[in-house]
Amino acid sequence: MHLAALRACMELTSIMNDTTTYYACYESYFIAIKQINQLLWYNDSIDTGYFLAYTGGQGEKAIFTHALYGQVLAFTYGLGPLYSISIMKKHLESEVRLADTPYGLRMLTEREPLTNPQDNSIWMSASQDWSVLNLWFNIDLDNALIQSKKGLNHVRQILNDQWNTHGLYASDGYGIGGKPWVTSHYGFHMVLWHLPFAITGQYTDLTKGILLFSPKLRSPFLLPVLIPNTFGSISATPLLNGQSSYTFTLAIGNLSLNILAINNVKYPGSIHLTAGQS
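Quick note: the sequence shown uses the numbering used here, first residue 1, plus one each step.
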């Protein structure tokens, strides 16, 4: 979250031509990267590693499965990767390797001996983080959605209680495995609202009139477009020559763009659309 806030600061101050604040954020950003490298990244083998949940303690090497939420926000806000993608992918792989359960990703693992049984709780946000980031990292759609589907379908198909989705579920001796635990009617699972942006690969910069998409689905598809005060869709139709025809439709709001592109196919010229137009 710290890196995401600093990157947002850099973007905003760049727009406002505030060079003093920009360089203050820039310097702090790279100091933070250096500290993460030194204090939080842990290689538990030659090929594997993860970000530590915290420093200090008794020397334990705990992994926290909600650690990359700031990167989820950064991608949705168009800020791009905050850290090395290859390193973040290793962390996500380690989450599954060390913290997977039949109900979702365990909140905290490797703090042994276990002094806090709540470490074993399932946070509904973690599985959504995992899927959103894997989509942005160009993992194929079916594999990227494994964790998201696991957590959500446990509520939908096993518990059959979508109207009371909890923030935490029990696991591994912390309550009865897979059963709701604390925080009824809670919003942890709503991290899933970042999934549409990851699936469409939406990048929006209204200050420059830019709207780009790199969808993770093959044609044909129909996907939502979410912009403040604006709602629409993008669709793809296969053509006989093996290519696709793309359509952007506005359902709510008004939108003026200098650049609109889907899968690197640019609309020729600027655009002004009102609700109902394509």
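Even glycine gets a Cβ: it sits at the ideal position worked out from N, Cα and C.
Under the criterion of a Cβ to heavy atom distance below 7 Å, does residue i qualify as lining the ligand SAM?
i: Tyr83; result: With respect to the ligand SAM, the structure offers nothing, as it holds no ligand at all.
Would you report the Cα separation of residue i and residue j, rounded to the nearest angstrom?
i: Gly59; j: Trp41; result: 14 Å
i: Tyr246; j: Asn116; result: 52 Å
i: Leu159; j: Leu206; result: 42 Å
i: Asn138; j: Trp193; result: 18 Å
i: Pro196; j: Glu27; result: 33 Å
i: Leu39; j: Ser244; result: 48 Å
Going by the DSSP bridge assignment, what does residue i pair with across the sheet?
i: Lys266; result: Ala261
i: Arg106; result: Ile122
i: Trp163; result: Note: Trp163 sits in no beta bridge, so no partner.
i: Asp18; result: DSSP, once it has assigned bridges, lists no residue as partnering Asp18.
i: Tyr246; result: Ala236
i: Asn254; result: Thr274
When burial is assigned at 16 or more other CB atoms within 10 Å of the CB, is residue i buried or exposed?
i: Pro180; result: buried
i: Ala251; result: exposed
i: Gly276; result: exposed
i: Gly167; result: buried
Mapping DSSP to helix, strand and coil, what is residue i?
i: Tyr23; result: helix
i: Thr48; result: coil
i: His272; result: strand
i: Ala62; result: coil
Do the CB positions of residue i and residue j come within less than 8 Å of each other?
i: Gly78; j: Tyr267; result: no
i: Ser127; j: Ala144; result: no
i: Leu273; j: Leu255; result: yes
i: Leu222; j: Ser214; result: no
i: Ser184; j: Tyr103; result: no
i: Leu98; j: Ile122; result: no
i: Gly209; j: Ile259; result: yes
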